[in-house]
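Chains as they are written, first to last, in the working numbering: chain A, 1 to 328; chain B, 329 to 623; chain C, 624 to 939.
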């Protein structure tokens with residue numbers, strides 16, 4: 001399903017399914033998700049909190065907490081190689097070198113008792129087999145690159161503000177020139193003014209090195225600014241995917257349309273914001289049929305059961321919805 | 329706004345009710361806590377009915393049967409004076425439990441009062457109580473026990489008092505910090521805004537909410553009280569000889585460690601079992617009261 | 624840094640003074656008559672009055688307290704009422720033994736407690752975890768003196784590998800130290816496990832994993848240094864347990880340290896001895912806590928900055 005036309009696909013996720021299993025309940029975090037990422041492009045994963053975005057990133061890196069997370073199946077093909085079949089030692093060489101991640105909360109992502117310089121140098125030492133001295137030189141260069149004076153190499157995370165810490169996290173992520181960068185809500189925890197700076201920094205460094213990126217966010221503004229392709233996630237499923245233009249100009253899924261309805265427009269009509277009615281479903285007890293039907297303004301009887309087919313709206317623009325009045 | 333104040337004031341009571349059911353439910357799922365509780369209930373039953381259950385008089389001396397190893401006649405053997413050890417352990421149970429519980433009642437009672445005073449009146453009263461706590465806590469616990477026991481003298485009431493008094497500082501700090509935490513909550517502000525008296529705020533709002541950590545500490549400390557009492561007895565500063573308190577039984581056994589090791593081992597294991605059950609139950613209780621801690 | 628240490632030392636003085644006053648006052652108001660203890664069977668009202676006069680026991684409370692504190696500055700704790708020997712000379716020979724037992728016990732506590740705790744935490748919910756935690760639970764439930772008796776029974780009386788009691792070469796310290804460390808090991812293992820588990824799910828551990836670090840490096844370079852901060856506090860608190868425990872353990876193994884001296888003093892109502900031992904152990908404990916605080920400051924950058932800024936006058 002949902003296959004873009006071939007070309008230079010760099011990362012291909014096929015039918016990824018992840019559950020969180022505890023004694024009390026089983027949570028369907030990611031449900032048969034498939035998407036492709038082209039080399040050098042940026043894919044935006046958009047969805048509400050708890051939709052399963054972070055779990056997808058964790059699964060790609062193989063860093064999900066093993067109990068309770070259980071990966072039920074699927075493939076994660078990085079340049080044709082299935083990451084899920086690699087053993088732990090090989091995977092350690094992928095992490096931090098080929099695939100790296102920027103975490104959401106810079107306040108907790110750095111080790112509080114290690115100097116920020118060491119935290120950057122550590123990853124360089126690990127993957128590029130250089131001496132401690134050389135790692136330090138390179139780490140200092142990385143610091144300068146993200147806009148932190150190299151003189152602050154020996155300081156601890158608590159001496160930095162949130163925005164500065166996020167720069168350190170970015171420096172760690174980019175230290176070994178990764179091929180794929182997973183940015184998990186990189187600006188959510190930051191002030192609005194800092195957000196723009198950090199986004200600019202990521203974009204600059206990425207375009208300079210032709211890094212592919214998956215940008216996870218719930219902020220449509222960030223998507224518009226950064227992404228080439230967009231995948232919208234709801235309750236662990238991708239419900240609509242296409243190019244930035246597809247999604248922004250011709251949103252097809254009622255949920256996507258609802259997302260745009262809840263963003264204030266400055267130049268638009270002065271109509272009131274229309275938030276999506278209801279709350280996201282309980283992931284331990286998902287509705288049957290279309291996961292969105294309890295909140296969908298267009299839901300028909302047919303939406304309440306059975307598998308929902310994927311329709312191709314236009315070339316490369318897919319939508320998982322029966323459409324108005326349950327047709328198709 | 330009458331509805332608002334009503335809602336706020338009744339909230340803790342409503343929460344408490346629910347919390348109680350919730351805690352019991354979580355506790356009953358915890359196997360080791362349930363095991364601990366069952367053992368402790370068993371021990372309590374022995375403490376109450378021990379004298380009736382004892383096959384013989386615990387003090388009956390019978391020199392012809394001295395130092396017998398455990399047998400079908402004397403399950404736990406006999407001591408150096410031919411007294412039936414099983415009977416002595418059964419009758420001694422109540423003393424060990426009494427000392428442990430009694431000492432903790434004093435420690436927690438004193439702690440609650442001092443902690444409330446300190447936490448609520450703040451300022452100089454708080455400063456004074458806290459500096460006193462600093463001083464007393466600069467003396468290691470066991471040392472304080474021993475020194476107090478040395479001053480107060482031997483005997484069960486004095487042992488309870490010595491153990492209880494040295495536990496007060498811990499209780500005070502716990503209570504004070506609980507109250508400090510509760511004080512920050514908004515419903516207390518609301519309570520004082522609708523003109524609740526200080527006393528009412530303490531008894532109706534702060535105490536019920538500060539109680540959870542206190543209960544956990546109480547449960548766990550009974551065990552250390554029992555250990556502390558038996559240690560004092562061992563040092564000759566606690567319970568006096570004819571009394572079959574378990575520490576006294578261990579102490580009596582040490583002189584026959586080689587010829588009759590069961591005299592030491594059996595009462596020692598009994599102490600361990602009680603303390604173990606309380607630790608298991610206390611751990612479970614803490615996890616049940618604060619699910620965030622469990623992971 | 625020097626200023627910080629000086630400040631902490633100054634803050635310690637009132638506490639120690641408080642301990643002296645509290646202990647002195649407790650013994651002052653408690654029953655027990657020096658004269659009758661000193662005289663023993665040769666007690667007469669007349670000689671008792673003479674002894675009270677020479678000891679200054681008829682003077683007002685404040686004068687006695689003042690004299691006691693003044694004498695302390697010259698390390699003079701008075702004489703034992705029972706033996707008549709100077710308490711400070713006894714302490715000088717006994718204190719090193721108690722401190723030796725204490726410090727050896729704390730080393731064993733730290734090493735085995737952390738080892739058990741880390742093993743349990745990184746194997747959470749597996750058999751290693753269960754085993755370590757059952758051992759720890761038994762350790763906290765076992766009375767120290769009972770464990771000491773069991774050790775003596777097995778290793779001294781039955782196997783005859785080690786001496787059961789008394790003083791002599793290093794072999795005389797093995798059983799006391801092991802017996803004394805048990806409770807601390809158990810407690811510390813539990814603390815280490817829970818603080819390891821607290822950091823195990825931290826974002827920065829996921830980040831360390833995302834960097835491609837191997838499991839062992841994550842545990843020892845990232846988890847343990849963070850988990851160690853509350854663990855260090857517990858080790859400090861364990862000094863109280865170890866010093867207190869040594870009082871009991873010394874009595875079990877008849878090892879003539881400060882603790883044994885204190886217990887003998889208590890049993891004889893020899894208040895000069897009781898007072899001296901209580902004060903000396905409390906001071907030792909306070910000094911150790913100060914050391915632990917300083918160590919904490921070295922480990923935890925959040926505290927380290929505070930006084931490195933004082934030192935260099937450097938701002939953010």
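Using N, Cα and C, we set each Cβ at its ideal position, and we do this for glycine too.
If we ignore side chains and look at the alpha-carbon of each, how far apart do residue i and residue j end up?
i                     : j                     : result
residue 286 (chain A) : residue 233 (chain A) : 14 Å
residue 672 (chain C) : residue 886 (chain C) : 28 Å
residue 791 (chain C) : residue 708 (chain C) : 23 Å
residue 18 (chain A)  : residue 41 (chain A)  : 25 Å
residue 765 (chain C) : residue 592 (chain B) : 13 Å
residue 338 (chain B) : residue 480 (chain B) : Any reading at residue 338 (chain B) must be qualified, since the residue scores a pLDDT of 39, below 50, and its modelled position is unreliable; the value itself is stated next. Distance between the alpha carbons of residue 338 (chain B) and residue 480 (chain B) is about 47 Å.
residue 536 (chain B) : residue 451 (chain B) : 24 Å
residue 819 (chain C) : residue 829 (chain C) : 14 Å
residue 737 (chain C) : residue 351 (chain B) : 31 Å
residue 184 (chain A) : residue 159 (chain A) : 24 Å
residue 615 (chain B) : residue 807 (chain C) : 22 Å
residue 355 (chain A) : residue 252 (chain A) : For residue 355 (chain A) there is no data in the structure shown, the boundaries of chain A being 1 and 328.
residue 642 (chain C) : residue 29 (chain A)  : 59 Å
residue 97 (chain A)  : residue 127 (chain A) : 6 Å
residue 728 (chain C) : residue 868 (chain C) : 10 Å
residue 558 (chain B) : residue 167 (chain A) : 60 Å
residue 371 (chain B) : residue 575 (chain B) : 16 Å
residue 8 (chain A)   : residue 354 (chain B) : 54 Å
residue 742 (chain C) : residue 751 (chain C) : 7 Å
residue 851 (chain C) : residue 457 (chain B) : 31 Å
residue 258 (chain A) : residue 279 (chain A) : 13 Å
Cβ of residue i within 9 Å of Cβ of residue j?
i                     : j                     : result
residue 847 (chain C) : residue 904 (chain C) : no
residue 170 (chain A) : residue 205 (chain A) : yes
residue 368 (chain B) : residue 605 (chain B) : yes
residue 139 (chain A) : residue 175 (chain A) : yes
residue 329 (chain A) : residue 123 (chain A) : Coverage of chain A is limited to positions 1 through 328, which leaves residue 329 (chain A) absent and any answer about it impossible.
residue 662 (chain C) : residue 653 (chain C) : no
residue 476 (chain B) : residue 489 (chain B) : yes
residue 364 (chain B) : residue 435 (chain B) : no
residue 588 (chain B) : residue 397 (chain B) : yes
residue 805 (chain C) : residue 795 (chain C) : no
residue 379 (chain B) : residue 419 (chain B) : yes
residue 412 (chain B) : residue 383 (chain B) : yes
Hey, does residue i have any beta-carbon neighbour from chain C nearer than 9 Å?
i                     : result
residue 220 (chain A) : no
residue 475 (chain B) : yes
residue 386 (chain B) : no
residue 411 (chain B) : no
residue 431 (chain B) : no
residue 419 (chain B) : no
residue 582 (chain B) : yes
residue 634 (chain B) : Past the boundaries of the shown model lies residue 634 (chain B); chain B is included only from 329 to 623, so the question cannot be answered.
residue 100 (chain A) : yes
Mind checking if residue i is an interface residue toward chain B, Cβ cutoff 9 Å exclusive?
i                     : result
residue 892 (chain C) : yes
residue 871 (chain C) : yes
residue 905 (chain C) : yes
residue 863 (chain C) : yes
Establish whether the CB of residue i and some CB of chain A are separated by less than 9 Å.
i                     : result
residue 919 (chain C) : no
Within the stretch 802 to 857 of chain C, ranges of the beta strand (DSSP E) (whole runs, at least 3 residues) = Counting whole runs of 3 or more residues, the stretch 802 to 857 of chain C contains no beta strand (DSSP E) stretch at all.
Evaluate contact between the stretch 228 to 243 of chain A and the stretch 30 to 49 of chain A, counting only Cβ atoms and requiring at least three cross-stretch pairs below 8 Å.
-> They touch, by the three-pair rule.
Please list the segments of the alpha helix (DSSP H) lying wholly inside the stretch 110 to 181 of chain A, counting only runs of 4 or more residues, in order along the chain.
-> Restricting attention to alpha helix (DSSP H) runs no shorter than 4 residues, the stretch 110 to 181 of chain A encloses them at 116 to 128, 132 to 145, 162 to 174, ordered along the chain.
List in chain order: all unbroken alpha helix (DSSP H) runs of 4+ residues lying wholly within the stretch 666 to 743 of chain C.
-> Whole alpha helix (DSSP H) segments, 4+ residues: 668 to 678, 684 to 695.
Continuous beta strand (DSSP E) assignments of at least 3 residues falling wholly in the stretch 869 to 903 of chain C | If only complete runs of 3 or more residues are kept, the stretch 869 to 903 of chain C shows no beta strand (DSSP E) anywhere.
Three or more C-beta pairs below 8 Å linking the stretch 540 to 556 of chain B and the stretch 426 to 434 of chain B = Contact between the stretch 540 to 556 of chain B and the stretch 426 to 434 of chain B is present, because at least three Cβ pairs lie under 8 Å.
How about the stretch 309 to 323 of chain A and the stretch 240 to 248 of chain A: do they share at least three Cβ pairs that are nearer than 8 Å?
-> Of all C-beta pairs linking the stretch 309 to 323 of chain A to the stretch 240 to 248 of chain A, three or more are shorter than 8 Å, placing the two stretches in contact.
Taking 8 Å as the threshold, find out whether the stretch 853 to 864 of chain C comes into contact with the stretch 436 to 447 of chain B through three or more Cβ pairs.
-> No, they do not touch.
Continuous alpha helix (DSSP H) assignments of at least 4 residues falling wholly in the stretch 42 to 103 of chain A | Runs of the alpha helix (DSSP H) inside the stretch 42 to 103 of chain A: 53 to 61, 88 to 94.
Say whether the stretch 593 to 612 of chain B touches the stretch 495 to 508 of chain B, bearing in mind that this needs 3 or more beta-carbon pairs closer than 8 Å, one atom from each stretch.
-> A contact is defined here as three or more CB-CB pairs under 8 Å, and the stretch 593 to 612 of chain B fails this definition with respect to the stretch 495 to 508 of chain B.
Would you be able to state if there are at least three C-beta pairs under 8 Å between the stretch 57 to 66 of chain A and the stretch 824 to 844 of chain C?
-> Yes: at least three Cβ pairs fall under 8 Å.
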